[in-house]
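Student: There's a structure below that I have some questions on.
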Amino acid sequence: MSSTKHFLHIPKSMLRMLLMLLLVEFVRAAFLMSYLPAYGVTKLGFSVSMVGVAVTAHYAADTILKIASGYLLDRFSFRLILPAGLALGLLSLLSLQVFSSSWWLVVASTLYGVGLSPVWLVCVSYLQEDRRGTQMGAIYTAWMGGMGGGLFLTNFLLDRFAQQAFWLLLGLAGLSLVLSLILPKQERHQALSAPLREQLRDMGDRLKKIGPLLPGMILQTLAAGMLVPVLPSFVTKLMGLTYSQYSLLLLFGGVCAILGLIPMGRLSDHFGQKWFLVGGFAVFAVALSCLGGSRSLLAGCLWAVVLGLSYSAVLPAWNALLASQVSEQQLSVSWAVFSSVEGIGVMLGPILGGWIGDLLSARATLWMSAVVMGAIAIFYGVYPLQALLTRAKSVS
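Spelled out as structure tokens, the structure:
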């Protein structure tokens, strides 16, 4: 059977899902982080503030609706929920060719977030018990590859082929919809009939059991989100680099993170997740602190490489640990709650980082983010994670 054959320890049954995820994140990143901030402001006449509201509305909708999407996925087949969501996302993008007002931009971006909310839940539902780290690394490789590819290609096309770039995004969104219709069946999926209130009460009990994971779920996304509004000004004003050199830093860090995900995932499967978490967070904190004191392109590239590799160590191990806490009876709702908790940091991080940057400096924001990452490393270094695993299994 094809499901038993593996490519780099990834089941062939997952490859179509990974391609779909790559396309979804390619279009999302290209539209929200490149097309709207650049072409939408300079050519379409949207204000910077409205573009910011639209982007925030998208991610808020995606985060908040994950619980509802998880509930639907646990009750109905993903073959119905996922294509319906991607179709809604495609139609919301297409509607911007008809309605071009600022208020509709926010509405369309919100609907786009609603449509994409089931995607991540479907992807993680393919994880296999004995290869969580490796397969989570593959999922993050597709996610990050899609994001990076969307940003770089769209920025290249916007100079001469802006309108064509938008239609390319629509075509890729349509292709991801087609792929969602032919995804292989999930072996572990089963419909549930329990009311949502009962499922959420059970999830509340589970969250109490895994309480020590909650600080890491929120703080790591908070620390990463703090960097978003200040990194461009930090590298250009304080490091004295150009925007093209900043792109080079992102390229070095991103490529190293992507290349490291699957190997780090396999190693964490073999040796255990704890010290990959502790070491990854600790090295990330040190590298971020050193980057905060860097003043040259060479030093910046060096620390970008270290940051990328440490990130690749953390991601598979962390999500494999979360996967071990997921209730098999509430697969999608469990992941939805976890993703929503992590989304708190995603939404608050940029606000806090911008506030610290305005009050103190961009360098202070980097150092504060490093302090948070270091605190996470210390906490999980002394906490007995094996005891947490044992307790979580007792409530499965």
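The sequence shown begins at 93 in the working numbering and counts up by one. Glycine included, C-beta positions come from ideal geometry on N, C-alpha and C. In this text the structure is predicted, and so the values were computed from the model without any measurement.
1. Could you tell me whether the Cβ atoms of L323 and L380 are closer together than 8 Å?
2. Mapping the DSSP letters down to three states, classify Q337 as helix, strand or coil.
3. What do you reckon, are the CB atoms on V406 and F430 nearer than 8 Å?
4. Distance check for G240 and V199, CA to CA, integer angstroms please.
5. How far does the alpha helix (DSSP H) with A412 in it reach, from first residue to last?
6. Using the C-alpha atoms, what's the distance from L185 back to F191?
7. Identify every run of the beta strand (DSSP E) within the segment 182-248, keeping only runs that are complete inside it and at least 3 residues long; order them along the chain.
8. Quick check on Q312: does DSSP put it in helix, strand or coil?
9. Could you tell me the boundaries of the alpha helix (DSSP H) in which V270 lies?
10. Under a Cβ-count criterion, where at least 16 other Cβ atoms within 10 Å of its own Cβ denotes burial, should P448 be classed as buried or exposed?
11. Compute the minimum distance between the beta carbon of F118 and the heavy atoms of the ligand SAM, and state whether it is under 7 Å.
12. Would you say I173 and P210 are within 8 Å of each other, going by their C-beta atoms?
13. Skipping 5 residues on each side, what residues in its chain have a beta carbon closer than 6 Å to that of S201?
14. Could you compute how far the alpha carbon of M318 sits from the alpha carbon of I468?
15. Return the chain-ordered list of same chain residues with a C-beta closer than 7 Å to the C-beta of L311, the five sequence neighbours on each side being excluded.
16. Determine the direct distance from the alpha carbon of G238 to that of A122, and round the result to whole angstroms.
17. Please classify I274 as buried or exposed, where buried requires at least 16 other C-beta atoms within 10 Å of its C-beta.
18. Using CA coordinates, which residue listed in L451, A230 and F368 is at the minimum distance from L110?
19. What residue from M112, Q337, G384 and V474 has the CA that sits closest to L271's CA?
20. Leaving aside the five residues before and after F170 along the sequence, list all residues of the same chain whose C-beta is less than 6 Å from its C-beta, in chain order.
21. Using 8 Å as the threshold, is the C-beta distance between A391 and L341 below it?
22. Between the Cα of P307 and the Cα atoms of F258, W410 and L343, which residue gives the shortest distance?
23. In this structure, does DSSP put I470 in helix, strand or coil?
24. How many whole angstroms separate the CB atoms of S386 and M439, which I take to be in contact at a CB cut-off of 8 Å?
25. Hey, how far is the Cα of Y204 from the Cα of I350?
26. Identify, in the order they occur along the chain, each residue of the same chain with its Cβ nearer than 6 Å to the Cβ of G50, setting aside the five sequence neighbours on each side.
27. Where does D450 land, buried or exposed, given buried means 16+ other C-beta within 10 angstroms?
Tutor: According to the data block:
1. no
2. helix
3. no
4. 26 Å
5. L389 to A415
6. 10 Å
7. none
8. helix
9. A254 to L273
10. The sequence shown places Ile at residue 448, not Pro. I448 comes out buried.
11. The model on display carries no ligand, and the ligand SAM is accordingly not part of it.
12. yes
13. A146, A149 and H150
14. 15 Å
15. G437, V464 and I468
16. 9 Å
17. exposed
18. A230
19. M112
20. V214
21. no
22. W410
23. helix
24. The Cβ separation is near 29 Å, so there is no contact.
25. 26 Å
26. A query on residue 50 cannot be resolved here, the shown segment of the chain reaching from 93 to 488 and no further.
27. exposed
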